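Novice: Throughout the sequence shown, residue numbering follows the numbering used here, covering 14 to 257 in sequence.
Note that CB positions come from ideal geometry on N, CA and C, so glycine has one too.
Nothing here was measured: the structure is a model prediction, and the numbers come from that model.
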Amino acid sequence: NDADVFISTDGGSSKTNITGTLPDRYPRDFAINKNDPDEVYICYAGFGAGHIFKSVNAGTEWEDISTTLPDIPFHTILMDPLDDSILYAGSDNTLFVSFDKGVTWETYNDGLPEAAMVFDIQYSPSDTSLFVFTHGRGVFNAPALKDEEDTIEIAIENIDNTLSGNIYPNIVADEFTVELNTILKDVVSVQLFDMQGKLIRKNTYPASDENKFTINCLGIADNSYIVKVTQGNNVFSEKIVILE
14 NDADVFISTD
24 GGSSKTNITG
34 TLPDRYPRDF
44 AINKNDPDEV
54 YICYAGFGAG
64 HIFKSVNAGT
74 EWEDISTTLP
84 DIPFHTILMD
94 PLDDSILYAG
104 SDNTLFVSFD
114 KGVTWETYND
124 GLPEAAMVFD
134 IQYSPSDTSL
144 FVFTHGRGVF
154 NAPALKDEED
164 TIEIAIENID
174 NTLSGNIYPN
184 IVADEFTVEL
194 NTILKDVVSV
204 QLFDMQGKLI
214 RKNTYPASDE
224 NKFTINCLGI
234 ADNSYIVKVT
244 QGNNVFSEKI
254 VILE
């Protein structure tokens with residue numbers, strides 16, 4: 014079985030298989046309650062019964078909490094660090110939220126493109142908001158919800174604009190490249206933020222006919238970061254991982 018799930022309680026020196034009744038598909042993401050590490054959530058891609066599972070005993074037993082969700086691949090799950098009853102789950106089709114640890118779910122997609130594949134969700138404690146990363150549709154910023162009433166009062170804001178391009182590689186050793194799809198002949202700003210919203214590095218390039226820029230990452234700690242590229246009033250953002 015290539016899709017087993019393991020737990021280690023000694024920093025990785027040993028591991029225990031806790032797959033149990035979980036489906037024979039690839040797990041995509043998991044979330045652990047920081048206040049109760051025995052409470053674990055895991056989500057699965059693929060099709061077939063069961064996409065999000067919960068354990069309250071560190072994987073000894075698993076409960077399917079996705080019976081009311083559509084049978085589509087799920088790619089990411091996040092527990093709100095300020096309220097462990099709130100879960101966010103990203104799927105092949107949209108973003109879902111639960112206010113009761115997965116007993117019930119509803120869509121949280123106001124402002125997202127139609128049928129957006131949500132591949133990652135990151136929490137920003139500096140402003141208690143979410144960064145929602147989609148597949149080919151941009152990065153979106155949304156307030157973290159406090160209760161069910163919030164879903165009808167706020168909307169997700171697209172932090173992208175008309176600027177588009179590519180940032181590569183996604184996993185960075187010492188440098189990455191920003192390549193713009195258009196040349197607007199305006200000053201280009203490339204900012205690197207950590208997942209708490211702190212500015213780590215900023216490079217500015219004068220207006221020119223160039224559309225490709227290389228950013229050095231030496232000395233920056235291994236972690237996930239958001240690259241924000243600005244040219245005039247136009248912005249696009251992508252996530253990278255630095256692993257030197």
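Compare the C-alpha of leucine 256 against each of Pro182, Tyr218, Leu212 and Leu193 and name the closest.
Specialist: Taking the sequence shown and counting its residues from 1, one reaches residue 256 at position 243. When each option's Cα is compared against that of leucine 256, the closest is Pro182.
Novice: In whole angstroms, what separates the C-alpha of glycine 25 from that of aspartate 17?
Specialist: Indexing the sequence shown from 1 puts residue 25 at position 12. Indexing the sequence shown from 1 puts residue 17 at position 4. Each residue's alpha carbon lies about 16 Å from the other.
Novice: Rank Gly151, Gln135 and Val110 by C-alpha distance to the C-alpha of glutamate 127 and give the top, closest one.
Specialist: Position 114 of the sequence shown, counting from 1, holds the residue named residue 127. Considering only alpha carbons, the answer is Gly151.
Novice: Looking at the structure shown, is methionine 92 part of a helix, part of a strand, or coil, going by DSSP?
Specialist: Here residue 92 refers to the residue found at position 79 of the sequence shown. Three-state result, methionine 92: strand.
Novice: Just curious, the beta strand (DSSP E) that lysine 252 is in, first and last residue?
Specialist: The sequence position of residue 252 within the sequence shown is 239, counting from 1. Where lysine 252 is concerned, the enclosing beta strand (DSSP E) stretches over 247 to 255.
Novice: Between the C-alpha atoms of aspartate 199 and serine 177, what's the straight-line distance to the nearest angstrom?
Specialist: Your numbering for residue 199 matches position 186 in the sequence shown. Your numbering for residue 177 matches position 164 in the sequence shown. Between aspartate 199 and serine 177, the C-alpha separation is close to 14 Å.
Novice: If you reduce the DSSP assignment to three classes, tell me which class serine 137 lands in.
Specialist: In the sequence shown, residue 137 corresponds to position 124, counting from 1. It is a strand residue.
Novice: My output table needs one value for alanine 71: the three-state DSSP class, helix, strand or coil.
Specialist: Stepping through the sequence shown from its first residue, residue 71 is reached at position 58. Note: alanine 71 maps to coil in three-state DSSP.
Novice: Isoleucine 239 bridges to which residues according to DSSP?
Specialist: Here the question's residue 239 lines up with position 226 in the sequence shown. Per DSSP, Phe206 and Lys252.
Novice: Once the 5 residues before and after glutamate 52 are set aside, which same chain residues still bring their CB inside 6 Å of it?
Specialist: The residue given as residue 52 occupies position 39 in the sequence shown. The residues are Asn46 and Val69.
Novice: Check whether the Cβ atoms of asparagine 154 and serine 139 lie closer than 7 Å to each other.
Specialist: Counted from its first residue, the sequence shown places residue 154 at position 141. Counted from its first residue, the sequence shown places residue 139 at position 126. Contact flag unset, no.
Novice: If we ignore side chains and look at the alpha-carbon of each, how far apart do tyrosine 121 and aspartate 235 end up?
Specialist: To locate residue 121, count along the sequence shown from 1; it is residue 108. To locate residue 235, count along the sequence shown from 1; it is residue 222. Those two C-alpha atoms are separated by around 31 Å.
Novice: Quick one: give me the first and last residue of the beta strand (DSSP E) that threonine 195 is part of.
Specialist: Numbered from 1 along the sequence shown, position 182 holds the residue referred to as residue 195. Neither: threonine 195 is in no beta strand (DSSP E) and is coded neither H nor E.
Novice: If we ignore side chains and look at the alpha-carbon of each, how far apart do tyrosine 218 and glycine 210 end up?
Specialist: Here residue 218 refers to the residue found at position 205 of the sequence shown. Here residue 210 refers to the residue found at position 197 of the sequence shown. Cα-Cα distance, rounded: 22 Å.
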